[in-house]
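Working notes, beginning with the structure itself.
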Amino acid sequence: KKAELRVSSKPRPPAAANCVPTFKTCKPHLNSCCHYCASCKCRIFQLICQCLMLNPKC
Numbered sequence: 001k002k003a004e005l006r007v008s009s010k011p012r013p014p015a016a017a018n019c020v021p022t023f024k025t026c027k028p029h030l031n032s033c034c035h036y037c038a039s040c041k042c043r044i045f046q047l048i049c050q051c052l053m054l055n056p057k058c
């Protein structure tokens with residue numbers, strides 16, 4: 001069976017003026033990533049944080 005592509009009817013929210021590009025350093029307490037599917041992921045005691053695409057289907 002072939003999977004059909006689903007088209008989201010929800011409009012994408014606009015990026016903030018001071019947003020952070022994907023794979024760049026971000027602050028975890030702010031929703032600061034430019035891409036609406038990216039989120040700020042931290043590691044090493046919350047010291048190194050980057051905007052990452054965590055949902056490949058988004």
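All the letters of the sequence shown, read from the start, carry residue numbers 1 to 58 under this note's numbering. Yeah, the Cβ is synthetic: ideal placement off N, Cα and C, and Gly gets one too. The structure displayed is predicted, hence computed values, not measured ones.
Exercise for the section: Identify, in the order they occur along the chain, each residue of the same chain with its Cβ nearer than 6 Å to the Cβ of C49, setting aside the five sequence neighbours on each side. Expected result: Excluding positions up to five away in sequence, the list reads C26, P28, C40, C42.
Exercise for the section: Under 7 Å Cβ to Cβ from N55, same chain only, skipping five residues before and after it: list those, please. Expected result: Once the five neighbours on either side are set aside, the close Cβ partners of N55 are C37.
Handout entry: C58 in three-state terms, based on DSSP
Key = In the displayed model, C58 falls within coil according to three-state DSSP, outside both helix and strand.
Problem - Span separating the alpha-carbon of C33 from that of V20 - result: Note on geometry: alpha-carbon atoms of C33 and V20 lie some 5 Å from one another.
Exercise for the section: Whole angstroms is fine: what's the gap from K57's alpha carbon to C51's? Expected result: Straight across, the Cα-Cα distance linking K57 with C51 is about 17 Å.
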